[in-house]
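Below: the structure, in structure tokens.
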Amino acid sequence: MTQLNLSDIEIPLLGIAAWSGTGKTTLLEVLLPALRARGLNVAVIKHAHHDFDVDIPGKDSHRLRKAGAAPMLVASGKRFALMMETPGQEEPCLPTLLDQVLSLSPDLVLIEGFKQWPLPKLELYRDAVGKSLRAFDDPWVRAVATTDEVTLPSGVERLDLDDHGALLDWLVAWPARWRSMAQGPRHE
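Dropping the structure here:
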């Protein structure tokens with residue numbers, strides 16, 4: 023894994039981490055237009071775990087672009103778009119993808135699906151999905167949005183996954199917290 027030096031990145035980044043089926047894309051479809059209405063130009067980098075084509079109606083990349091992601095960059099081990107073939111690459115390189123997006127000067131970059139990367143994250147959690155809460159294993163999780171009664175590690179904020187207004191406020195405030203949150207993982 024190539025290093026990601028957060029101290030060199032001025033534009034705020036936030037990982038959106040969740041197990042498949044939790045509703046990441048559906049939530050972002052709601053929040054992206056609201057973020058734009060609040061004056062934020064939000065870029066999205068989405069990791070795909072499979073081969074993909076770009077902008078097929080109904081697919082996540084098309085849905086997120088239609089919801090307001092500007093630019094929209096989606097990646098898998100085979101290719102990423104802004105379309106560029108990457109044969110033989112097992113996983114996409116987040117620093118390379120960030121270089122593509124950061125040069126366009128968004129106000130915020132949401133990074134969906136790069137769970138292993140050391141960057142501040144908002145975890146979406148639904149007990150019904152049947153998977154474990156990642157916040158206990160990932161010290162980069164800063165907040166968990168859930169509707170379930172769950173115990174969280176010290177220093178992890180709890181947000182209501184169904185309260186889109188509160189989630190929107192939390193995301194709008196993220197750029198002001200970026201510098202302090204990018205300093206390193208939380209200490210327990």
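Residues 23 to 210 in my numbering are what the sequence shown spells out, letter by letter. Note that the Cβ used here is the ideal one computed from N, Cα and C, for glycine as well. Every value quoted in this text rests on a predicted model; they were computed, and no experiment measured them.
#1: In terms of alpha-carbon separation, which member of D170, V194, P175 and H209 lies closest to L183?
#2: Just checking, does the region 80–98 make contact with the region 149–165 on the three C-beta pairs under 8 Å criterion?
#3: Does the distance from the CB of R164 to the CB of L144 come in under 8 Å?
#4: Considering Cα atoms alone, identify which of H71, H209, P207 and L35 is closest to P117.
#5: What first and last residue would you give for the alpha helix (DSSP H) that runs through L51?
#6: What residue range is occupied by the uninterrupted beta strand (DSSP E) comprising G37?
#7: For A89, which residues in the same chain have their Cβ closer than 7 Å to its Cβ, ignoring the five residues on either side in sequence?
#8: Report the partner residues of D182 according to the DSSP bridge assignment.
#9: Q111 to A157, Cα distance in whole Å?
#10: Count the other CB atoms, across all protein chains shown, that sit within 10 Å of the CB of A39; report buried if there are 16 or more and exposed otherwise.
Let's see:
#1: Taking each of D170, V194, P175 and H209 in turn and checking the Cα distance to L183, the smallest one comes out for D170.
#2: Contact between the region 80–98 and the region 149–165 is absent, because fewer than three Cβ pairs lie under 8 Å.
#3: Closer than 8 Å, so yes.
#4: Among H71, H209, P207 and L35, the Cα nearest to that of P117 belongs to L35.
#5: It should be noted that the sequence gives Glu, not Leu, for residue 51. Per DSSP, E51 belongs to the alpha helix (DSSP H) from K46 to A59.
#6: Per DSSP, G37 belongs to the beta strand (DSSP E) from L35 to A39.
#7: So the qualifying residues of the chain are L50, E51, L54 and P55.
#8: DSSP, once it has assigned bridges, lists T168 as partnering D182.
#9: Whole-angstrom Cα-Cα distance: 29 Å.
#10: With 16 or more other Cβ atoms within 10 Å, it is buried.
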